[in-house]
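Structure record follows, encoded as structure tokens.
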């Protein structure tokens, strides 16, 4: 517990230091950049003072100055829903395709599709899909994507799909590799020779031994998803927490943006672990 608290404090300090760098670097004549070390403690002190006063500061969008505290609730919720839903899709798809039904034709097709999509750089993939969506709209009049997000559920489907590509591809490769390794163990062959069905073995034996590897790589998968969140929210003009970072630079806004992403990532991670735990209790250890 103590080590976790120390790690969180170190992460908090690093974020505040990184967010202070633009303030601490002063360009001067002759292409010289001067570092002002006193800016770091000043910014950190001001941040905690504002926090104790119940204020998070302001950020600038265009010509408007807006309160961070007034917008952070909706922005955090939007980013959380995007990340959580995309991770849920990734986890469900990778387990269904890679562990529970790996030999079906649908699973092989899904694996091939995500393998192909993951080979395309994400920025280029988004541009291609946007052009495809615009073409579909011109031909059919049916809107499959939007670049002006609102609260409609349909508007979240396309960003969630884009956000889940990298994480799903990574988890699929991991799950398939571990499934092949665990599936070749003697106890699995013994179970097959005794007449146990493959679905039963997949659920009650292979999944139980695959789960530790799966959980261990969830953090890496979440880091990939968090990185993709910057691209998706920026290109689709989504009002999430990255809005504070992409706005005109202000220390408080950048710090709150990065801290919000860390907090969202932690909540999504433990939410996925809880769902896996409930799944095990309900189906694996029934």
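In my numbering, the protein residues as written are -14 to 271. Glycine is no exception: its CB is placed at the ideal position from the N, C-alpha and C atoms. As the structure is a prediction and not an experimental result, all values here were calculated from the model.
* Asked: If we ignore side chains and look at the alpha-carbon of each, how far apart do residue 13 and residue 24 end up?
  -> Going by the C-alpha atoms only, they are around 17 Å apart.
* Please report how far the alpha carbon of residue 79 lies from the alpha carbon of residue 178, in whole angstroms. => The straight-line gap from Cα to Cα measures roughly 27 Å.
* Grab me the residues of residue 149's own chain with a C-beta within less than 6 Å of its C-beta, minus the 5 sequence neighbours each way, in chain order. => Taken in chain order, the residues that qualify are 71, 74 and 75.
* **Residue burial classification, residue 93 (beta-carbon count within 10 angstroms, cutoff 16)** => Residue 93 comes out exposed.
* Taking C-alpha atoms, which residue in 250, 99 and 182 lies nearest to residue 158? -> Nearest Cα to residue 158 within the set 250, 99 and 182: 99.
* DSSP state of residue 30, grouped into three classes? -> Correct three-state label for residue 30: helix.
* Sub-9 Å separation of residue 212 and residue 229 beta-carbons -> Contact: no.
* To do: With a floor of 4 residues, list each alpha helix (DSSP H) that falls wholly inside the segment 139 to 217, ordered by position along the chain.
  => Correct list: 139 to 168, 171 to 178, 183 to 186 and 192 to 201.
* To do: Counting only runs of 4+ residues fully inside the segment 235 to 269, write out the alpha helix (DSSP H) ranges in chain order.
  => Taking only runs of at least 4 residues, the alpha helix (DSSP H) segments lying wholly in the segment 235 to 269 are 236 to 264.
* Reducing DSSP to helix, strand and coil, say where residue 272 ends up. => The requested residue 272 does not occur in the structure, where the chain is confined to residues -14 to 271.
* Rounded to whole angstroms, how far is the Cβ of residue 315 from the Cβ of residue 115, which I believe are closer than 8 Å? -> What is shown of the chain runs -14 to 271, which leaves residue 315 out entirely.
* Asked: In the segment 27 to 92, which residue ranges form an unbroken alpha helix (DSSP H) of at least 4 residues, counting only runs that do not cross its ends?
  -> You should have 53 to 80.
* **residue 20 versus residue 26 - alpha carbon distance** => Using only the alpha carbons, I get a separation of about 13 Å.
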